[in-house]
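Residue numbers (this note's numbering), protein chains in the order written: chain A, 52 to 400; chain B, 52 to 400; chain C, 52 to 400.
No residue lacks a Cβ here, since even glycine has one placed at the ideal position from N, Cα and C.
None of the values given here were measured: they were computed from a predicted structure.
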Amino acid sequence: MAFKISQIIAAIGPAKFEGDPNFTVEAPASLQDAGTQNITLFSNEKYAEQAAGTKAGCLLTAEKLAHLAASFKGNKIIVPHIQEAWAKLLGLWDRELSEQPWGIDPKAVVSRTVRLGKNVSIGAMTVIEDRVVIGDGAVIYPQCFLGRGVIIGADTVIYPQVVIRERCKIGSHVIIHPGVVIGADGYGYYPANGKHVKIPQIGTVEIGDDVEIGANVTIDRATMGATRIGSGTKIDNLVQIAHNVQIGKNCLIVAQSGIAGSSVLGDGVILGGQAGVGDHIEIAAGTIVGGGAGVIGDVKEKDVLWGTPARNHRQVMRLLALYYKLPEINEAVKKLLKTANLKEPAGKH
Amino acid sequence: MAFKISQIIAAIGPAKFEGDPNFTVEAPASLQDAGTQNITLFSNEKYAEQAAGTKAGCLLTAEKLAHLAASFKGNKIIVPHIQEAWAKLLGLWDRELSEQPWGIDPKAVVSRTVRLGKNVSIGAMTVIEDRVVIGDGAVIYPQCFLGRGVIIGADTVIYPQVVIRERCKIGSHVIIHPGVVIGADGYGYYPANGKHVKIPQIGTVEIGDDVEIGANVTIDRATMGATRIGSGTKIDNLVQIAHNVQIGKNCLIVAQSGIAGSSVLGDGVILGGQAGVGDHIEIAAGTIVGGGAGVIGDVKEKDVLWGTPARNHRQVMRLLALYYKLPEINEAVKKLLKTANLKEPAGKH
Amino acid sequence: MAFKISQIIAAIGPAKFEGDPNFTVEAPASLQDAGTQNITLFSNEKYAEQAAGTKAGCLLTAEKLAHLAASFKGNKIIVPHIQEAWAKLLGLWDRELSEQPWGIDPKAVVSRTVRLGKNVSIGAMTVIEDRVVIGDGAVIYPQCFLGRGVIIGADTVIYPQVVIRERCKIGSHVIIHPGVVIGADGYGYYPANGKHVKIPQIGTVEIGDDVEIGANVTIDRATMGATRIGSGTKIDNLVQIAHNVQIGKNCLIVAQSGIAGSSVLGDGVILGGQAGVGDHIEIAAGTIVGGGAGVIGDVKEKDVLWGTPARNHRQVMRLLALYYKLPEINEAVKKLLKTANLKEPAGKH
């Protein structure tokens with residue numbers, strides 16, 4: 052799978068170029084791993100030294116970094132938007148490497164009442180129950196389960212071993228990675244005689260368009276109504292989203308974070324890895340919650356939060372600096388007590 | 052799927068009613084979403100305003116909240132136990148929406164040595180190995196795996212893509228959500244020459260009756276003996292339960308929490324979301340561990356804990372208040388040092 | 052499944068023995084659970100009392116603990132390396148209990164272009180796509196998915212419902228537990244017009260030899276190049292490993308911990324349960340990160356870390372001791388202010 056530099060430039064958009072446009076590269080590689088058959092990326096000034104010394108056959112860099120790569124004398128592509136250019140370049144190889152649609156595998160189990168769009172692919176051992184509707188161009192890999200009445204939008208890709216329980220709706224251009232469970236019962240009980248009695252969960256899950264959902268994520272169905280994920284939101288692996296949660300558009304929910312029941316995230320919220328959000332909490336649009344933080348109250352205005360309980364990031368850093376100063380504070384207090392001829396107060400643990 | 056109010060009242064038990072018992076509702080909905088075709092719930096005084104303004108065709112509320120809903124003039128059901136009544140109401144729709152038992156799917160792979168109770172359902176692509184025993188009325192969805200000698204109790208429901216490895220025992224009336232793995236090897240090694248050598252895990256897992264296990268939960272088999280989950284315990288999504296853990300009856304283990312090897316939780320313990328319990332720890336019955344807390348020592352008496360290392364909740368709150376006061380404490384110490392004409396002690400970071 | 056004590060001693064290596072070598076035991080059991088038909092383990096002096104009182108038919112203990120078990124008068128095996136001996140003993144039963152290789156199940160779906168070694172087993176409903184290569188003696192349980200071009204080493208065991216996406220490489224003698232997802236797309240986007248645009252993930256995952264991967268773990272494929280797990284590393288359940296992470300040899304990655312993109316762990320690193328490592332971080336070989344800790348910066352030299360942000364464990368304990376002393380420090384400051392006739396400074400929250 053090789054591309055000429057001229058093909059690459061055609062794919063990535065506006066660029067300056069120094070070198071031989073007929074030079075051919077076989078694969079993208081990192082600055083360190085690249086050889087003459089590779090094209091590589093220099094997008095962070097931290098790696099200027101490696102860029103100067105790379106053995107790559109072609110270097111892609113940004114206009115603002117080009118001066119740092121001046122000593123690299125091979126083929127050089129210089130672009131205004133480096134991330135976009137690199138993503139498009141990777142896309143060239145991705146198209147070659149990707150699975151092509153294969154139609155309906157005879158070993159899939161598809162109910163006769165299912166409505167299929169055009170050019171749908173369904174993999175072996177996938178089970179699709181009554182009245183499911185699948186949009187044009189959708190690709191369902193092997194070993195998935197779609198319960199009764201599930202709706203899948205056009206061009207959505209569902210990787211192997213995904214479970215979507217009954218009546219949940221998935222938008223268009225959605226990507227669902229392996230092991231995801233959508234629409235399991237929410238976690239709801241009422242107490243009676245020292246036991247926990249199950250509250251039926253008759254709601255559903257509704258996923259917008261252009262959403263991506265990472266491997267082994269769980270998104271529970273609502274008690275009633277729907278748990279909702281807004282269009283353009285990207286969810287990383289092993290995230291937990293509880294019943295009746297409402298997530299806005301274009302949010303980033305990083306790996307292993309969890310959102311408890313009925314909480315509401317505005318558009319563009321970012322949750323760092325392993326962050327937690329309590330139940331019935333509202334988080335203002337555009338808020339960033341740092342990794343591992345625990346949000347236990349409403350965030351009424353856009354903010355950057357960290358720690359548990361989560362607070363404004365600058366306050367957290369200021370308090371942390373004083374926390375690290377505790378040995379000195381303690382020494383000073385001891386000295387002052389001595390000077391003032393006072394006893395230390397009795398312990399109160 | 053519509054019910055007359057008289058049918059609903061018959062299902063939920065003792066209630067006062069104002070309005071037309073022949074009025075028909077199509078579905079439950081929230082105060083905000085409800086229209087005349089819906090029945091809605093008013094169970095929290097925080098939402099009194101929405102209750103007054105709801106467009107629902109019927110309102111269900113509690114005796115002690117009824118005065119706050121006085122301005123709602125439509126059909127009104129007033130009950131003593133609101134959560135129980137609402138759960139029973141949802142159950143009416145749940146029964147209609149639920150999958151009906153379907154018998155043994157011809158595309159299931161069931162060993163001839165399996166012993167099946169009456170009215171068992173087994174879904175397509177499920178694999179059931181030698182000498183498995185399945186109780187009356189149990190429902191096994193598609194694509195599950197039950198290893199040799201697994202025992203499943205009566206009326207237990209196992210959703211798609213659950214793995215239960217060999218010789219594990221599941222009680223009656225248990226619900227296991229998709230993606231759960233029961234009986235994978237515990238995480239045990241001994242060091243030898245700088246490497247980690249596997250300790251065989253020959254034990255099993257034993258799950259009591261009326262247990263519910265959330266999506267993508269992992270419960271490891273014991274090194275020897277059994278990892279045990281007591282009857283009535285409810286486990287949320289993505290929880291990790293290590294080998295030889297013993298969990299009591301009627302516990303609540305909220306999403307993404309984890310319990311390390313050989314720890315013992317008494318009856319009725321509650322672990323909040325993302326909480327962690329170290330290995331070989333005992334937690335007294337009735338203890339509540341807050342979300343994100345890390346328990347690293349025994350909890351000998353029933354307590355409410357939070358933070359890492361987890362401590363009594365009130366102590367944690369008191370210390371946190373002083374932590375937030377560190378800027379003032381630091382200022383005061385500086386002023387005192389100045390007044391006393393003392394230097395600040397050298398840093399000791 | 053019973054063994055004579057003489058057979059057990061033959062299996063576990065050098066040992067002293069007191070009693071009847073023809074005595075037969077049926078199963079290993081804990082000190083408390085054991086009866087005359089059981090062999091039990093006494094490996095921790097904490098349990099000396101239980102050892103003295105156990106009803107086991109045979110006791111295995113270490114040379115250095117033997118004096119504490121002097122009052123136990125039954126069959127007694129005394130060994131120099133207790134963990135190794137016990138692991139070998141459990142292995143006797145494990146071999147009896149384990150599934151035997153079964154060949155290629157006719158209900159597996161195996162592409163004609165797959166290359167199979169000798170004595171390979173493949174379970175029902177497993178789907179193996181084009182050009183997969185599987186080494187001698189490998190065992191693939193039912194309902195797995197191996198994408199195009201995946202390579203599996205000799206004697207590797209893959210439990211049910213594992214997904215390995217295209218082109219990933221798995222070493223020899225690897226154990227992969229149920230529900231694991233290897234090679235899902237890394238979590239990478241670039242911002243454009245307030246949206247997140249997917250960066251294609253064209254790399255792979257490479258797993259060394261003798262690696263063990265716990266249930267429902269997720270290991271993402273690299274953007275380019277490979278996410279790598281070194282030989283001998285053992286990963287517990289529900290761990291998240293992001294794209295381009297490089298993990299050294301013989302590491303221990305305990306349950307629910309997570310490692311963000313491009314981070315590098317040296318050989319022998321230990322991550323405790325629920326620990327988190329930020330992106331682009333390097334952790335020196337031999338470093339131990341405590342449970343729940345959050346590593347947000349490079350660890351340049353071998354260290355023992357705890358807390359968030361993670362710091363040297365001793366420093367953390369010292370600061371924590373002062374934190375618990377805050378009530379006294381606060382009291383002392385108040386008293387000093389009073390003595391010095393100064394006002395408390397105004398709040399600065």
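Residue i - partner residues in DSSP beta bridges
{"i": "THR112/C", "result": "PHE93/C, ILE129/C"}
{"i": "GLN291/A", "result": "THR269/A, GLY309/A"}
{"i": "TYR241/A", "result": "VAL248/A"}
{"i": "THR177/C", "result": "According to DSSP, THR177/C bridges with nothing at all."}
{"i": "ALA235/B", "result": "ASP271/B"}
{"i": "GLY327/C", "result": "GLY309/C, GLY345/C"}
{"i": "PRO79/B", "result": "ILE90/B"}
{"i": "GLU257/B", "result": "LYS220/B, ARG279/B"}
{"i": "GLU16/B", "result": "This structure leaves residue 16/B out entirely; chain B is present only between 52 and 400."}
{"i": "ARG166/A", "result": "VAL184/A"}
{"i": "PHE196/C", "result": "VAL178/C, VAL214/C"}
Of the listed residues the options, nearest to residue i (C-alpha basis)
{"i": "ILE59/A", "options": "LYS127/A, VAL232/A, GLY265/A", "result": "LYS127/A"}
{"i": "MET52/B", "options": "LEU148/B, PRO251/B, LEU110/B, CYS219/B", "result": "LEU148/B"}
{"i": "ILE209/A", "options": "GLY200/A, ARG199/A, HIS224/A, GLU217/A", "result": "HIS224/A"}
{"i": "ARG365/A", "options": "TYR374/A, VAL355/A, LEU373/A", "result": "VAL355/A"}
{"i": "GLU382/A", "options": "GLN134/B, LEU393/B, ALA372/B", "result": "LEU393/B"}
{"i": "PHE93/C", "options": "THR87/C, ALA102/C, ASP156/C", "result": "ALA102/C"}
{"i": "GLY345/A", "options": "ALA335/A, VAL262/A, PRO360/A, VAL213/A", "result": "PRO360/A"}
{"i": "ILE264/C", "options": "ILE215/C, GLY237/C, ASP236/C", "result": "ILE215/C"}
{"i": "ALA138/A", "options": "LEU303/A, LYS353/A, ASP260/A, LEU111/A", "result": "LEU111/A"}
{"i": "THR164/C", "options": "THR177/C, GLY283/C, ASP181/C", "result": "ASP181/C"}
Sequence-distant residues of its chain with Cβ nearer than 6 Å to residue i (five each side left out)
{"i": "ARG279/C", "result": "GLU257, GLN297"}
{"i": "HIS400/B", "result": "Residue placement at HIS400/B cannot be trusted, given a pLDDT of 45 that sits under 50; what the coordinates show is reported in the next sentence. Counting only Cβ-Cβ distances below 6 Å, and skipping sequence neighbours, we find nothing."}
{"i": "ALA202/C", "result": "Per the sequence shown, residue 202/C should be read as Ile rather than Ala. If we look at ILE202/C and ignore the five residues flanking it on each side, its Cβ neighbours are VAL184, LYS220."}
Sequence-distant residues of the same chain with beta carbon closer than 8 Å to residue i, five excluded per side
{"i": "GLY239/C", "result": "LYS249, ILE250, GLN252, THR274, HIS294, GLY312"}
{"i": "THR207/C", "result": "GLY186, ALA189, VAL190, ILE221, GLY222, SER223, HIS224, VAL225, ILE226, ILE227"}
{"i": "ILE155/B", "result": "VAL161, LEU167, VAL171, SER172, ILE173"}
Residue i - DSSP class collapsed to helix/strand/coil
{"i": "PRO401/B", "result": "An answer regarding residue 401/B cannot be provided, because it is not within the stretch 52 to 400 covered by chain B."}
{"i": "VAL296/A", "result": "coil"}
{"i": "GLY337/C", "result": "coil"}
{"i": "SER282/C", "result": "coil"}
{"i": "ARG218/A", "result": "coil"}
{"i": "VAL171/B", "result": "coil"}
{"i": "TRP357/A", "result": "strand"}
{"i": "ALA136/C", "result": "helix"}
{"i": "ARG362/A", "result": "strand"}
{"i": "LYS399/A", "result": "Unreliable placement is indicated for LYS399/A, whose pLDDT of 46 sits below 50; the coordinate value is still reported in the next sentence. It is coil, neither helix nor strand."}
{"i": "ARG34/B", "result": "The shown model of chain B, from 52 to 400, leaves out residue 34/B, and the question about it has no answer."}
{"i": "ILE56/A", "result": "helix"}
{"i": "LYS386/C", "result": "helix"}
{"i": "LEU148/A", "result": "helix"}
{"i": "LEU393/A", "result": "coil"}
{"i": "GLU69/C", "result": "strand"}
{"i": "ILE63/C", "result": "helix"}
Residue i Cβ short of 7 Å to the ligand HEM heavy atom set
{"i": "ILE292/C", "result": "What this structure holds is no ligand at all, so the ligand HEM is not there to describe."}
Integer-rounded CB distance, given that residue j should sit under 8 Å from residue i
{"i": "THR255/C", "j": "ARG199/C", "result": "At roughly 12 Å, the Cβ-Cβ gap does not stay under 8 Å, so THR255/C and ARG199/C are not in contact."}
{"i": "ALA175/B", "j": "VAL160/A", "result": "5 Å"}
{"i": "VAL340/C", "j": "ILE321/C", "result": "7 Å"}
{"i": "TYR241/C", "j": "GLN134/A", "result": "4 Å"}
{"i": "GLY323/C", "j": "GLY343/C", "result": "7 Å"}
Residues near residue i in its chain [Cβ-Cβ closer than 7 Å; skip 5 each side]
{"i": "THR390/B", "result": "none"}
{"i": "GLN83/B", "result": "GLN101"}
{"i": "ALA85/C", "result": "THR91, THR105, LYS106, ALA107"}
Minimum Cβ-Cβ distance from residue i to chain E less than 8 Å
{"i": "GLY324/A", "result": "Any reference to chain E falls outside this structure, whose protein chains are A, B and C."}
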